[in-house]
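Asker: When you line the sequence shown up against my numbering, it's residues 630 to 772, in that order.
Glycine included, C-beta positions come from ideal geometry on N, C-alpha and C.
This is the structure I have questions about; it appears just below.
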Amino acid sequence: MKNKIILLAEDNPDDVKLTLRALKKSNILNEVVVVEDGVEALDYLFGTGKFAGRDTGELPQVVLLDLKMPKMDGLQVLQRVRADNRTKLMPVVVLTTSSEDKDRIESYKLGANSYIRKPVDFNQFAEAVRQLGLYWLVLNEGP
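What follows is the structure, given as structure tokens:
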């Protein structure tokens, strides 16, 4: 069975640390590839830029996508992911601090599988990440 990779697209180093810590606390030991902006996320998925030559046949089991990122925001990434036959069915979970209705609605319009607002409290955040991991890495059967 292939390693179930998690792609974490997050520009805030503190949120990256919290997410990795929450995954570890939940005994989710999958490889996590961290990218810092939308362009890097697409480079990883499509094997371009600094990820040129990567085996693009091995897609992440799930993408955890922040919306507010430099170079290209999460909504633009989501739009590109859904427009490409190679990635259009890949699970994408928007994991963001945004509580704006327009961001949530637009995320779903563009094909997000889930929209989760990051809790401020670490224990609540760790529980949200645990449930995310359980569902997307264990229970969910991908395409």
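Output the boundary residues of the beta strand (DSSP E) element that contains Ile634.
Answerer: Taken as a continuous stretch (DSSP letters only), Ile634 belongs to no beta strand (DSSP E), as it is neither H nor E.
Asker: I think Arg711 touches Gly740, with their Cβ atoms under 8 Å apart; what is that distance to the nearest whole Å?
Answerer: The Cβ separation is near 4 Å, so the contact holds.
Asker: Can you tell me whether DSSP reads Leu647 as helix, strand or coil?
Answerer: helix
Asker: Between the alpha carbons of Arg650 and Asp750, how many angstroms are there, rounded?
Answerer: Straight-line spacing of the CA atoms in Arg650 and Asp750 works out to 13 Å.
Asker: Could you tell me the distance, in whole angstroms, from the CA atom of Ile734 to the CA atom of Glu665?
Answerer: 24 Å
Asker: Name the two residues that bound the continuous beta strand (DSSP E) containing Tyr764.
Answerer: Here Tyr764 belongs to no beta strand (DSSP E), and DSSP marks it neither H nor E.
Asker: How big is the Cα-Cα spacing for Tyr673 and Leu636?
Answerer: 9 Å
Asker: Which same chain residues end up closer than 6 Å to Pro772 when comparing Cβ atoms and leaving out the 5 residues on each side of it in sequence?
Answerer: Leu718
Asker: Can you find the residues in the same chain that come closer than 6 Å, C-beta to C-beta, to Arg683, ignoring five residues on each side of it along the sequence?
Answerer: Gly676
Asker: Quick one: what does DSSP say Leu693 is sitting in, helix, strand or coil?
Answerer: Note: Leu693 maps to strand in three-state DSSP.
Asker: Looking at the unbroken beta strand (DSSP E) that takes in Thr745, where does it start and where does it end?
Answerer: Note that residue 745 is Ile in the sequence shown, not Thr. Unbroken beta strand (DSSP E) run through Ile745: 743–746.
Asker: From Met630 to Val767, what does the alpha carbon distance come to, in whole angstroms?
Answerer: Low confidence applies here, because Met630 scores a pLDDT of 39, under 50, leaving its location unreliable; read the following figure in that light. C-alpha separation (whole angstroms): 13 Å.
Asker: Roughly how many angstroms separate the alpha carbons of Pro699 and Asp640, rounded to a whole number?
Answerer: 7 Å
Asker: Going by beta carbon distance, what residues of the same chain come within less than 6 Å of Arg759, once the five residues before and after it are set aside?
Answerer: Ser655
Asker: Quick test of your reading: Pro689 and Ile634, contact by CB under 8 Å. State the CB separation rounded to the nearest angstrom.
Answerer: 5 Å
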